[in-house]
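Going by the numbering used here, the sequence shown opens with residue 33, and the numbers climb by one from there.
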Amino acid sequence: MTSLRNLEYEQLWLNAHTDTRAAVYTFSSCITLADLNADGDFKLIVADLGTGSTNVKLKVYKGTSLHSETALLDVPTGVVSFYMDFSEPRMPAIAVASGSNIYIYKNMRPYFKFSLPSMDVNPLEKDLWMQVREEQIEVGVLMELLNNLRLEIGFAQLSTQSQHLLAQDPTTVPSFVQQYCKVPIKRQTVVTCVTTLKKALADEKAVSCLVVGTESGEILVLDPEAFTILEKIKLCHQESSTLIVPAVLSAFGLHAVEFRIVAACRDGSLRLARRGWTESKLLVQLPAQPVAMTVSPENASITIALMNQTLQCFSKKGKLQWVVTLPAAACALCPIPLPHQSTTLVAVSLNGGLLQLYNGRQLVDVIKAPQSVSGLVFGKFGQEENALIMFTVDGSLLVKILKRTAHFNLQGGSTSANVVPGVAQQIKLQIPKKTRLFLDQTMRERDNCVMMHRTFQRDLFQLRVDVARACVQALQSCNNPISLEGAEPVKLSAQVLGLGPLFKMVITLQNISASTLIQDIGILFHFDDKMYSMEKPFIKVPILLPGVEYPYETMIRNISELALSDQIRVMVVREGQTQPVLAAIINMPVCDLLGMV
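1. Using 8 Å as the Cβ pair cut-off and three pairs as the minimum, do the segment 241-250 and the segment 197-217 touch?
2. Buried or exposed, going by whether 16 or more other CB atoms sit within 10 Å of the CB of Ile-134?
3. Specify whether the segment 203-221 and the segment 87-99 touch according to this definition: at least 3 beta carbon pairs, one from each stretch, less than 8 Å apart.
4. Can you tell me whether Trp-45 is helix, strand or coil according to DSSP?
5. What distance in whole Å lies between the Cβ atoms of Phe-557 and Val-602, which are believed to be in contact at a cut-off of 8 Å?
6. My guess is that Val-605 and Gly-554 are in contact by the Cβ rule of under 8 Å, so how many angstroms apart are they, rounded?
7. Could you check the C-alpha separation between Pro-578 and Thr-540 for me, to the nearest Å?
8. Would you tell me roughly how many angstroms separate the C-alpha atoms of Lys-568 and Ile-591, rounded to the nearest one?
9. Tell whether a beta-carbon distance below 8 Å holds between Thr-228 and Val-111.
10. If we ignore side chains and look at the alpha-carbon of each, how far apart do Lys-412 and Gln-220 end up?
11. Taking the straight line between their C-alpha atoms, what separation do you get for Glu-166 and Leu-178?
12. With DSSP collapsed to three states, give me the class of Leu-556.
13. Please state whether DSSP places Val-380 in a helix, a strand or coil.
14. How is Gln-415 classed by DSSP in three states: helix, strand or coil?
15. Please report the Cβ distance between Val-164 and Leu-156, rounded to the nearest whole angstrom; I am assuming they are in contact, meaning their Cβ atoms lie under 8 Å.
16. Taking buried to mean at least 16 other C-beta atoms within 10 Å of its own C-beta, is Arg-303 buried or exposed?
17. Going by beta-carbon coordinates alone, are Cys-345 and Ser-60 separated by less than 8 Å?
18. Assuming Val-277 contacts Ile-334 under a Cβ cut-off of 8 Å, what Cβ separation, rounded to an integer in Å, is found between them?
19. For the alpha helix (DSSP H) that contains Met-620, what are its first and last residues?
20. Taking just the CA atoms, how far does Ala-361 sit from Leu-408?
21. On the three-state DSSP scale, how would you describe Pro-206?
22. DSSP state of Gln-527, grouped into three classes?
23. Between Pro-369, Pro-202, Pro-371, Arg-393, which lies nearest to Trp-354 when the distance is taken from Cα to Cα?
24. Is it right to say Ile-251 is buried, meaning 16 or more other beta carbons lie within 10 angstroms of its own, or is it exposed?
25. Is it the case that the Cβ atoms of Ser-428 and Cys-363 are separated by a distance below 8 Å?
26. Less than 8 Å between the beta carbons of Lys-218 and Ser-130, yes or no?
27. Taking the C-alpha atoms as reference points, what is the distance between Phe-493 and Ile-265?
28. Which partner residues does Ser-566 have in the DSSP bridge list?
29. Following the continuous alpha helix (DSSP H) through Met-475, name the residue where it begins and the one where it ends.
30. Skipping 5 residues on each side, what residues in its chain have a beta carbon closer than 8 Å to that of Leu-233?
31. Within a Cβ cutoff of 7 Å, which residues of the same chain sit near Glu-257, ignoring the five residues on either side of it in sequence?
32. Between Leu-358 and Gln-341, what straight-line distance do the alpha-carbon atoms span, to the nearest angstrom?
33. If we ignore side chains and look at the alpha-carbon of each, how far apart do Pro-216 and Leu-160 end up?
34. Go through its chain and collect everything with a Cβ distance to Ser-545's Cβ below 8 Å, but skip five positions before and after it.
35. Can you tell me whether Glu-311 is helix, strand or coil according to DSSP?
36. With distances taken between CB atoms, is the gap from Val-289 to Leu-343 smaller than 8 Å?
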């Protein structure tokens, strides 16, 4: 076992450590990096799946050596590190999702266990088990009725007890019923994926909420201190019986302000959930099942690896941006943030041991591993800023460190000799030849760039001044409660009722002509949105008959914390005209402070 400082140079990456005897079998969702002791020494936390039923452990690596390990009761589905509170020193907690529980470790000691809430049991199923317990029905009748119920409501809607019974061999059914008929029947879901979401601040060490995906087709957002459910979002409609189970979750934003949760589901759908939603919405139906997913922090684009050997990118609205065909099936995916180059790469591990790094759809580097990489993570490890940790399918541990002088050629690809361009990158673009006129125009713009920029800025400022003058002139010319134009004989009066902070404004319009009908007009309110909020900022006015007064009401609320008042401009506008017909300025009363308490 070598030290992190015994380094072997390999182009852009340094071979820091290779341990073929680590015997750690895991996936990317079960790997994380964290400063467990708040001493600046980041450690590797990995959930070792062992054989799948035994030797399941939570291991902590300090540098290249195994620091500690903790036995787990069930197979884990995800491991994340997050900050629970603001206590000093800032030591993160480790959350391990396993079965229907989430185990919280603080300083690698058991701290708390959160269990998913139980689900409702079908009344008919509950009654059947009660009857067999009281020997009112036989075991064969129970099996027949449970099979009918399974066909009616679906296998996933049955309790775990009934599911195990239906999966039993016919010879073991009587003993199974005798053993479990007196056990209280429960229906419990399990965790399928887990991630974190910043609660109120976007700092690196800010408090984060846990975001949990369940087998019952729900996304739960948990409070990090009380471990109560803050949000519960269903991935399918209430009237739909189809169960949509999340496989990968990615959350970004702030829970206290606005957040988005993107879920890649087992049915091949990509779904979106936002703050205040109780049901998710379909972004796009993928052409194949997802393998792994990451969301770019720069533009919220979604990069996802699929089982059809493609890497696809979607916008935050679900629009397909690009597709890259991979040379082999994807096994895992990991974001590689590079702040010094103001970009985030995506590392995709392929079947056969190849690891490709993409900047968007452009291949920028290739790393070769001895075996297929089943799990990888990039971040701070030990005292190093940019470490890439990989676990292969045979249990080997590989650690590579990005050279401090490494520079990915994001414009023309990497300088690494290992890069093999894809088929799409070898297609020659049809670029027209440069004409003489184009060259002359380019030379003129290059020689006179300063003068052209100054001319453009001068014309832009002049345009803004002309627009402002025209706007002021249009408002001042109509600043009269009675229209002086013969074509629009309208009279306007306003009245403000109330002490605040809620006011009622009554606008009265009157057609003062003798026989002319007035139509296609409306009432527009102009106000400071930091001071007031209005129920109806625009009111459509029907036909005004001569001599009749028409009152129109709207509610105004003072939303300022200060006891101040402001003016509201009321304008009567006509469809298709830029200048108001008439206008009036209303001086709002000072809000009553007692009413705001």
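Here a beta-carbon is modelled for each residue, glycine too, at the ideal position from N, C-alpha and C.
Let me spell this out:
1. Judged by Cβ distances under 8 Å, the segment 241-250 makes no contact with the segment 197-217, as fewer than three pairs qualify.
2. Looking at its Cβ environment, which holds 16 or more other Cβ atoms inside 10 Å, Ile-134 is buried.
3. Segment contact: the segment 203-221 against the segment 87-99, fewer than three CB-CB distances shorter than 8 Å; contact not assigned.
4. In the three-state scheme derived from DSSP, where H, G and I count as helix and E and B as strand, Trp-45 is classed as strand.
5. That belief holds up - the Cβ atoms of Val-602 and Phe-557 are roughly 6 Å apart, short of 8 Å.
6. Your pair Val-605 and Gly-554 checks out as a contact, with CB atoms roughly 6 Å apart and the cut at 8 Å.
7. One C-alpha to the other measures close to 14 Å.
8. Using only the alpha carbons, I get a separation of about 16 Å.
9. No; because the gap between Cβ atoms is not below 8 Å, this pair is not in contact.
10. In this model, Lys-412 and Gln-220 are separated by some 37 Å (Cα to Cα).
11. If you draw a straight line from the Cα of Glu-166 to the Cα of Leu-178, it comes to about 17 Å.
12. It is a strand residue.
13. Residue state, collapsed to three classes: strand.
14. DSSP places Gln-415 in coil when its eight states are reduced to three.
15. Taking 8 Å as the upper bound for CB-CB distance, Val-164 and Leu-156 are not in contact here, some 13 Å apart.
16. Buried.
17. Contact flag unset, no.
18. In this structure Val-277 is not in contact with Ile-334, their Cβ atoms being roughly 19 Å apart against a cut-off of 8 Å.
19. If you look at Met-620, you'll find it isn't in any alpha helix (DSSP H); DSSP assigns it neither H nor E.
20. Whole-angstrom Cα-Cα distance: 16 Å.
21. Three-state DSSP puts Pro-206 in a helix.
22. DSSP places Gln-527 within a strand segment (E or B) once states are collapsed to three.
23. Taking the Cα of Trp-354 as reference, the smallest distance to any Cα among Pro-369, Pro-202, Pro-371, Arg-393 is reached at Arg-393.
24. Counting Cβ neighbours within 10 Å, Ile-251 comes out buried, since at least 16 surround it.
25. Taking 8 Å as the Cβ cut-off, Ser-428 and Cys-363 do not qualify as a contacting pair.
26. Cβ atoms of Lys-218 and Ser-130: not closer than 8 Å.
27. Spanning the two alpha carbons is a distance of roughly 50 Å.
28. It should be noted that the sequence gives Met, not Ser, for residue 566. Ile-588, per the DSSP bridge assignment.
29. Where Met-475 is concerned, the enclosing alpha helix (DSSP H) stretches over 468-479.
30. Excluding positions up to five away in sequence, the list reads Val-239, Leu-286.
31. For Glu-257, same chain residues with a beta-carbon under 7 Å away, outside a window of 5 residues either side, are Met-116, Asp-117 in chain order.
32. For Leu-358 and Gln-341, the distance between alpha carbons rounds to 5 Å.
33. Here the C-alpha atom of Pro-216 lies approximately 13 Å from the C-alpha atom of Leu-160.
34. Excluding residues up to 5 positions away in sequence, Pro-521, Pro-578 lie with their Cβ nearer than 8 Å to the Cβ of Ser-545 in the same chain.
35. Three-state DSSP puts Glu-311 in a strand.
36. Taking 8 Å as the Cβ cut-off, Val-289 and Leu-343 do not qualify as a contacting pair.
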